[in-house]
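What follows is a short report on a single structure.
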Amino acid sequence: MLAQLIVSGLALGSVYALLGLALVLIHKATDIVNFAQGEMAMFMTFVAFVMITQLELPLPLVFVVAPLLGAALAAVTERIVMRPISDGPPVNALIVTIGLWIVFNHTAGWIWGYDPYRFPSLFPADPVEIVGARISPNSLGIIAVALAVMAGLYVFFEYTREGTAMRAASMNRRAAQLMGVNIKRVAFLSWTLAGGVGTVCGLLVAPIIFLDFEMMVSVLLKAFAGAILGGFNSLPGAVIGCMLIGIAETFFGGYVSTAFKDTFAFLVIVLVLMFRPSGLFSRTAVKKV
Amino acid sequence: MTLWLRKNWIPVALLAAGLVLPNLVEHYGNFILASILVYSLVSLSLTILIGFAGQISIGHAGFWALGAYGSALVVTELGAPFLVGVLVGGIVAALFGAVVALPALRVQGHYLAIATLGFALFVQQVLFEWESLTGGRQGLFVPRPEIFGYELTDDYAYVYLMLVIVVLLTWMTENFRRSHTGRALMALKMSTVAAEVAGINRARHIIIAFMLSAFYTGISGALYAHLIGFLSTETFTFTTSLSFLTMAVIGGLGSYVGALLGAIYLTMAPEVFREFKDAQMVVYGLTLILCMQFLPGGLASLPERLRSLRRRRT
Chain C
700 MLAQLIVSGL
710 ALGSVYALLG
720 LALVLIHKAT
730 DIVNFAQGEM
740 AMFMTFVAFV
750 MITQLELPLP
760 LVFVVAPLLG
770 AALAAVTERI
780 VMRPISDGPP
790 VNALIVTIGL
800 WIVFNHTAGW
810 IWGYDPYRFP
820 SLFPADPVEI
830 VGARISPNSL
840 GIIAVALAVM
850 AGLYVFFEYT
860 REGTAMRAAS
870 MNRRAAQLMG
880 VNIKRVAFLS
890 WTLAGGVGTV
900 CGLLVAPIIF
910 LDFEMMVSVL
920 LKAFAGAILG
930 GFNSLPGAVI
940 GCMLIGIAET
950 FFGGYVSTAF
960 KDTFAFLVIV
970 LVLMFRPSGL
980 FSRTAVKKV
Chain R
4 MTLWLRKNWI
14 PVALLAAGLV
24 LPNLVEHYGN
34 FILASILVYS
44 LVSLSLTILI
54 GFAGQISIGH
64 AGFWALGAYG
74 SALVVTELGA
84 PFLVGVLVGG
94 IVAALFGAVV
104 ALPALRVQGH
114 YLAIATLGFA
124 LFVQQVLFEW
134 ESLTGGRQGL
144 FVPRPEIFGY
154 ELTDDYAYVY
164 LMLVIVVLLT
174 WMTENFRRSH
184 TGRALMALKM
194 STVAAEVAGI
204 NRARHIIIAF
214 MLSAFYTGIS
224 GALYAHLIGF
234 LSTETFTFTT
244 SLSFLTMAVI
254 GGLGSYVGAL
264 LGAIYLTMAP
274 EVFREFKDAQ
284 MVVYGLTLIL
294 CMQFLPGGLA
304 SLPERLRSLR
314 RRRT
């Protein structure tokens, strides 16, 4: 029981972590919290669903194509919607991302209806026995995919020119700009990356909770909670925070109540913001002025 | 006198329209007017929160629900008079507003918006699960408003009662804007650091703004409950919160005129866009984005904007 709960908690946490990473990527680069992140992922998951059911593409191919399309969608969105207001007050940018939320959410409902669909999983569902615990390969698969994405991001940020520029920009935008980093390009790239990573999250979560126009709302809330636990400005922090949320939620659901899982996330958000506003892992609270 | 009128023609005209209009329209028209008044309070509450304090809420349906259920339960279960119910609705919402804003003690920026998202989902879930109190998916019947023993059976009389409440709260808002707290909030919005250096306690003022905003929304929810006569948890979804935000932004966050225009937009849009049906929310979202891009001051700033465009051309 314990091992099973931990593995499924880690799987759930990996899903949250992918969305959390997308949120933190954009926040680090632009100081904007993209409230539409989950809805964009949901929208792309519907597109993937069309590719599977109507174009009858093989599932592994869809898992490659859909994130690329998700990245393209986010890139276009950044270019035509976000960039014109990037110099305005931050509240306006936030309102625009909420506008994007409404647009993506209801366009999906409008096109594909409001009923839940069963989304095929890349991995078999029958549990296998591993050292005495019955573990679903789906959970292991989710964890593996998420780890692969994280490894990819790590390599990108550590070893490529663009990644280094993005790290520099998130440390000190002004200084990076003076060193010749193109800030607008950094914002553009961060949206693109986040769009791709978010789509992977949608594809992984849809087989667990059914594909539905509202499926990402509570995932987004958990990703927020995890990202806040991690301090909202650190990619590894967001991953660990989301993993903790996933495990805590699974244990809470397993031993206490499944009805109030979202309430639990809300409590985490309020408590962390009150007592450890810079996240669990930071030593000192750094204030940007 | 004429000078006073020239300076204050907008509120005078609006008040006159409010007094005359209910006589000119049929029963359904009065229902529409009542809806506009209900929404205008929510819009006003968001004007306080976003326009004055610079904080976003995407969970106002939660406060609205607390006001609605608070008032409905106080009236039906405890037999309290209608006006007491409305006040209780507002106060319950305000108390929760303080809880949602508590993180303001420590955090800067837009983390509070995330807390409001969690709050909205939390309220929705509790209302749905707590069947013995809220009726769960069966819903809850709410009696018509009653004032000093008279039941306001038709919307015509109710509109006038609402008008009194809305005018009162609008007047309060205008005074609040000019009060010490109101000015402090705007100073914080312009530059948090400068305001704090001048001795303004940021957290306290933001919590006050949240409480006041939640109070208005709670009152609005209570008035709505007695107008519709039936509460179901499906009314208080996340979509409702987002529609509220859209309405307030499109109307304009600067003043009560914007709040009223936003309320008119939210009430009339379903009538106008009826053929769009499912796409109606898409239209809301698009108008919200376009509004931020091209008319950040909302509909209320349209005359000003047109004037400046014309001036530029000549």
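For the record, the sequence lines run as chains C and R.
Heads up: the first sequence runs through residues 700 to 988, numbered per our numbering.
Heads up: the second sequence runs through residues 4 to 317, numbered per our numbering.
In this text, a Cβ means the ideal position worked out from N, Cα and C, and glycines have one as well.
**Prompt:** Name the residues in the region 892 to 922 of chain C whose C-beta lies less than 9 angstroms from a C-beta of chain R; which are they?
**Reply:** E913, V916, S917, L919 and L920
**Message:** With a threshold of 8 angstroms between beta carbons, is R:G185 in contact with chain C?
**Reply:** no
**Prompt:** Quick one: is C:I968 near chain R, going by C-beta distance under 8 angstroms?
**Reply:** yes
**Message:** Measuring CB atoms only, is the region 30 to 49 of chain R touching the region 159 to 169 of chain R, in the sense that at least three cross pairs come out at less than 8 angstroms?
**Reply:** yes
**Item:** Contiguous alpha helix (DSSP H) assignments of at least 4 residues, all confined to the region 115 to 154 of chain R
**Value:** The qualifying runs are 134 to 137.
**Message:** If you reduce the DSSP assignment to three classes, tell me which class C:R778 lands in.
**Reply:** helix
**Prompt:** C:H726: buried (16+ other C-beta within 10 angstroms of its C-beta) or exposed?
**Reply:** By the Cβ neighbour-count rule, C:H726 is buried, with 16 or more other Cβ atoms within 10 Å of its own.
**Prompt:** Measuring CB to CB, does R:L256 end up less than 8 angstroms from R:T119?
**Reply:** no
**Item:** Run of the alpha helix (DSSP H) containing R:I267, from where it starts to where it stops
**Value:** Segment Y259 to V275, the alpha helix (DSSP H) holding R:I267.
**Asked** Do R:Y259 and R:T184 have their C-beta atoms closer together than 8 angstroms?
**Response** no
**Prompt:** Start and end of the beta strand (DSSP E) containing C:I829?
**Reply:** V827 to I829
**Buried/exposed call for C:L758, threshold 16 Cβ in 10 Å** = By the Cβ neighbour-count rule, C:L758 is exposed, with fewer than 16 other Cβ atoms within 10 Å of its own.
**Message:** Please report whether the beta-carbon of C:A867 lies at a distance below 8 angstroms from any beta-carbon of chain R.
**Reply:** No - not a single Cβ of chain R is within 8 angstroms of the one on C:A867.
**Asked** How big is the Cα-Cα spacing for R:L22 and C:A716?
**Response** 56 angstroms
**Request:** Given a cut-off of 8 angstroms, decide if R:L130 and R:F239 are closer than it, judged by their beta-carbon atoms.
**Result:** yes
**Request:** Could you name each continuous alpha helix (DSSP H) segment of 4 residues or more that falls completely within the region 16 to 78 of chain R, going from the start of the chain to the end?
**Result:** 30 to 49
**Request:** Report the three-state DSSP secondary structure of C:R860 (helix, strand or coil).
**Result:** Helix at C:R860.
**Prompt:** CA-CA distance, R:V270 and R:L108?
**Reply:** Reading the sequence as shown, one finds Thr at residue 270 of chain R and not Val. C-alpha separation (whole angstroms): 36 angstroms.
**Message:** By alpha-carbon positions, which one of R:L8, R:V252 and R:S311 ends up nearest to C:G798?
**Reply:** R:V252
**Item:** Endpoints, alpha helix (DSSP H) assigned at R:I94
**Value:** F85 to A104 is the span of the alpha helix (DSSP H), which, as asked, contains R:I94.
**Message:** For C:A922 and R:A201, I'd like the C-alpha separation in whole angstroms.
**Reply:** 37 angstroms
**Message:** Which residues in chain C have a C-beta closer than 8 angstroms to the C-beta of R:A116? List them in chain order.
**Reply:** V732, F734 and L793
**Request:** Kindly indicate which residue of R:F241, R:F66, R:M295 and R:Y227 has the alpha-carbon position closest to the one of C:A916.
**Result:** The residue asked about is misnamed: residue 916 of chain C is Val in this sequence, not Ala. Comparing Cα-Cα distances from C:V916 to each of R:F241, R:F66, R:M295 and R:Y227, the minimum goes to R:F241.
**Prompt:** So, helix, strand or coil for R:A201, using DSSP?
**Reply:** DSSP places R:A201 in the coil class of the three-state scheme, outside both helix and strand.
**Message:** Just checking: is the beta-carbon of C:M973 within a distance shorter than 8 angstroms of some beta-carbon in chain R?
**Reply:** yes
**Asked** Taking the alpha carbon of C:P836 as the point to measure from, which residue in C:P823, C:V844, C:L846 and C:A847 has its own alpha carbon closest?
**Response** C:P823
**For C:L728, the first and last residue of its enclosing alpha helix (DSSP H)** = First, the residue type needs correcting, since residue 728 of chain C is Ala and not Leu in the sequence shown. Here the alpha helix (DSSP H) through C:A728 covers L701 to T729.
**Request:** Please state whether DSSP places R:F233 in a helix, a strand or coil.
**Result:** strand
**Request:** Check whether the region 700 to 709 of chain C touches the region 946 to 955 of chain C, counting contact only when three or more Cβ pairs, one atom from each stretch, lie closer than 8 angstroms.
**Result:** yes
**Message:** I want to verify the contact list: residues of chain R whose CB lies under 9 angstroms from the CB of C:L934, in sequence order.
**Reply:** Neighbours of C:L934 on chain R: none; closest Cβ ~18 angstroms, over 9 angstroms.
**Item:** chain R contact residues for C:P783, given Cβ-Cβ distances below 7 angstroms
**Value:** Q296
**Asked** Between the C-alpha atoms of C:S869 and C:A875, what's the straight-line distance to the nearest angstrom?
**Response** 8 angstroms
**Asked** Beta-carbon of R:Y72 versus every beta-carbon of chain C: anything under 8 angstroms?
**Response** no
**Asked** Taking buried to mean at least 16 other C-beta atoms within 10 Å of its own C-beta, is C:F909 buried or exposed?
**Response** exposed
**Request:** Take R:S235 as the anchor and find which of R:R205, R:A37, R:E29 and R:V145 has the nearest alpha-carbon.
**Result:** R:V145
**Prompt:** Got a sec: which bits of the region 116 to 131 of chain R sit with their beta carbon under 8 angstroms from any beta carbon on chain C, in order along the chain?
**Reply:** Contacts with chain C (Cβ-Cβ distance below 8 angstroms) from the region 116 to 131 of chain R involve A116, I117, A118, L120, G121, F122, L124, F125, Q128 and V129, listed in chain order.
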